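**Q** I am attaching a structure below and will ask some questions about it afterwards.
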Amino acid sequence: MQKYTFSANGIENFLNDCFLEAWVRSGRETTARNACAAIVRYVNTGRAPTPFVKKLIEKTPSRIAEISLSGGSEEEILEKIKKYIGVAVVAG
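What follows is the structure in structure tokens.
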């Protein structure tokens, strides 16, 4: 398993690998892009706190892709990922 570093390149590589894994699993580029949009947007806009990103890149891109492809709104997908990586989910 590839080890991702906590750097701009490491995080970008992780997110790209999530997308590629989602593409392989779904067989469609558009489906993969839509499925991964939530996590990519959350990280790239700076909304994701540092502890979240550090825990995220410790996980496998294939599992994050699987969760992303499971369906739901962007917020629901993010909540599933937060639960998986062990980050506290705050009820809105």
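Be aware that the sequence shown starts at 365, since it is given in this note's numbering, and climbs by one per residue.
The beta-carbon is built from N, C-alpha and C at its ideal position, and this holds for glycine as well.
Every value quoted in this text rests on a predicted model; they were computed, and no experiment measured them.
I think residue 402 touches residue 441, with their Cβ atoms under 8 Å apart; what is that distance to the nearest whole Å?
**A** About 4 Å separates the two Cβ atoms, so the contact holds.
**Q** Do you know offhand how far residue 389's Cα is from residue 423's?
**A** Going by the C-alpha atoms only, they are around 17 Å apart.
**Q** Classify residue 451 as helix, strand or coil using the three-state DSSP reduction.
**A** The answer is coil: DSSP assigns residue 451 none of H, G, I, E or B.
**Q** Taking residue 385 as part of the alpha helix (DSSP H), name the residues at either end of that continuous run.
**A** Start and end: 372-390.
**Q** Classify residue 419 as helix, strand or coil using the three-state DSSP reduction.
**A** Helix.
**Q** Give the straight-line distance between the Cα atoms of residue 370 and residue 416, rounded to the nearest whole angstrom.
**A** If I take the Cα positions, the gap works out to 11 Å.
**Q** Quick one: grab the DSSP three-state call for residue 412.
**A** Of the three classes helix, strand and coil, the one that applies to residue 412 here is coil, per DSSP.
**Q** By alpha-carbon positions, which one of 450, 443, 433, 451 ends up nearest to residue 395?
**A** Closest option to residue 395, Cα to Cα, is 433.
**Q** If residue 407 and residue 449 are in contact, beta carbons under 8 Å, what's the gap, nearest whole angstrom?
**A** No, residue 407 and residue 449 are not in contact; Cβ-Cβ is about 12 Å, not under 8 Å.
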